[in-house]
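Data first, discussion second: the structure below is written as C-alpha cells.
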Amino acid sequence: MGSILVTGAAGAVGRRVVRLLVENPETERIVALDRVPISASDVPENTEITIERIEADLLDVDLVPLLDGIDTVLHLAEDRSRHADGRTARSVMERLLGTALNGGVSQFVLLSSALVYGAHGDNPVPITEGQPLRPSNLAHAQLKAEQEALATAWARDNGVRLTVLRPAVLLSEGDVSWIGTALRAAMAVRPEQVDPPVQFLHHDDLARAVVHVLDRRLEGVYNVASDGWIGADAFRELRGETEVRLPERAGRLRHRAALVLADRSLLEGLQPYVTHPWVVATDKLQATGWKAEYTNEEVYILGTSAPLFNSLGPQKRQELALG
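With the sequence shown counted from 1, adding 2 to any position gets you our numbering.
What follows is the structure in C-alpha cells.
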C-alpha cells in the first residue's frame, strides 16, 4: 500500500479507514488530514508505521509537503453541512488533483455517492455502474457528479489510476450523515402509491470497501451497498411507526407549504429520491472479493434505533434482520 494521504480522516468513513490502514501490514505511512481535530483514539499507534495527524483546511493548507512521497490519495472529505458550498468543494478538488500530479501520486480514490444516478421513474432496478449519470436537482448529487467528471478527466489525461466509489445511504450507530437524516425524514410523508425500494450501507462496510480497492489496486467505478434492497411492505414494518400517506394533490400542497418554511432547494432536490427508485447493484465489487457484512435491515436498525424493533420478540427480530 505504501504511503497514503487520507482526507476527511476525522469523519465517519475516514476514521474507520485510518484504523484499517494502521492494521494493514502493507501500509508504510499515513497522513491523516481533516479540518477538525483528529482524536488520538481514531489513529491507533503502530511503531512500524509513520502516522501524521494534520488539522488543516484543504482549501488553504500547503499541499506540496503533505503529498511529498505519497503513493495514494483517498479523498474522503465531505462538507458535513447541508449548506455545503459547491464552489469550495470544486476548488478543493482542483487543488488536490493538481498537487497530487506534481507529487507523483499513482492512485486516487474518490468517495462519490449513488445519488449521482439520480432518482427517476425509468431507472432500472438495480442500477449498474454503466448507467448514465442523471443527478436529480439536489446540489449534493450534482456536486458529486461534477467531482467525478473532474477526477475522470484528470486521471485520463495524466495516466493515474482512478477508483470511484458510489455508496448508498450511509447509516451506523451514532453516525448519520445529514443527507441520510434528510432522506429518512422525507420518507415519513409521501404521496399515495409511492413506495420505491430502499437501500443502505454501514460505514464499516464502506471503510472495508475503500481499503479493499486500495489493496487490490482496483480501477474504475464501483457501487457500494448492502446486498439487495428492502421492499415497500418490509420497510413499512421495519419503520414501526405511522407513515402519513397523502393523496397526490394534498401531497403537492404540503410540499409547497414546506418550501416556505424550510430550505427550498433541499426539499425540492430530495423529493425524487423518496419517490423514485435508485437502488444499485454491487455485483462488480463483489466479483473482486468484497461483500457487505451488514444487511440493509441491520443497517437501518442500527442507524435509526427503529422503535418497533425493540418491542419485537427474538424470532421476529431475527426475521427482520435477515430480510
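All residues carry an ideal CB built from backbone N, CA and C; glycine is no exception.
All figures in this text were calculated on a predicted structure; none of them were measured in a lab.
Next item on the list: Can you give me the Cβ contacts of Val38 inside the same chain, cut-off strictly under 8 Å, excluding the 5 residues immediately before and after it?
Entry: Ala12 and Glu57
Margin query: Which residues does DSSP list as the beta-bridge partners of Pro67?
Written below: None, per the DSSP bridge assignment.
Note to self: Tell me the rounded alpha-carbon separation between Ser174 and Leu98.
What the structure shows: 29 Å
Next item on the list: Pull up the distance between the alpha-carbon of Thr297 and that of Asn104, whole angstroms please.
Entry: Rounded to whole angstroms, Thr297 to Asn104 spans 42 Å at the Cα level.
Checklist line | Inter-residue spacing [alpha-carbon to alpha-carbon] between Leu7 and Val162 | finding: Inter-residue distance for Leu7 and Val162 is about 16 Å (C-alpha atoms, whole angstroms).
Item checked: Beta carbon proximity, Ser114 to chain D, threshold 8 Å -> The chain labelled as chain D is not found in the depicted structure, where only one protein chain is given.
Next item on the list: Return helix, strand or coil for Arg31, following the three-state DSSP convention.
Entry: strand
Check: Using the beta-carbon count (16 or more within 10 Å), is Asn225 buried or exposed?
Finding: buried
Next item on the list: Let me know if Leu263 comes out buried or exposed under the rule of 16 or more other beta-carbons within 10 Å of its beta-carbon.
Entry: Low local confidence applies: a pLDDT of 36 at Leu263 is under 50, so the model's placement there is unreliable, with the coordinate-based value given in what follows. Counting Cβ neighbours within 10 Å, Leu263 comes out exposed, since fewer than 16 surround it.
Checklist line | Thr183 versus Thr306 - alpha carbon distance | finding: 9 Å
Next item on the list: Quick one: residues in its chain with C-beta nearer than 6 Å to the C-beta of Gly222, no 5 flanking neighbours on either side, listed in chain order?
Entry: none
Next item on the list: Report the rounded CA-to-CA distance for Thr9 versus Thr165, giving the unit in angstroms.
Entry: 15 Å
Margin query: With H, G and I counted as helix, E and B as strand and the rest as coil, what does DSSP make of Pro134?
Written below: coil
Notebook entry, point to check: Does DSSP put Arg92 in a helix, a strand or coil?
Noted result: It is helical.
Notebook entry, point to check: Considering only residues of the same chain and omitting the five flanking positions on each side of Arg251, which have a CB-CB separation below 7 Å?
Noted result: Confidence at Arg251 is low in this model, with a pLDDT of 47, below 50, so its placement is unreliable and the value that follows should be read with caution. Nothing meets the Cβ criterion.
Next item on the list: Pick out whichever of Leu76, Gly88 and Thr90 has its Cα sitting closest to the Cα of Ala102.
Entry: With distances taken between Cα atoms, Ala102 lies closest to Leu76.
Next item on the list: Could you tell me which of Val94, Ser228 and Glu50 sits nearest to Phe202, measuring between CA atoms?
Entry: In terms of CA proximity to Phe202, Ser228 leads the group Val94, Ser228 and Glu50.
Margin query: So for Asp197, helix, strand or coil by DSSP?
Written below: coil
Next item on the list: Could you have a look at Asp36 and say whether DSSP puts it in helix, strand or coil?
Entry: strand
Notebook entry, point to check: When the Cβ atoms of the segment 88-96 are set against those of the segment 62-69, are three or more pairs found closer than 8 Å?
Noted result: no
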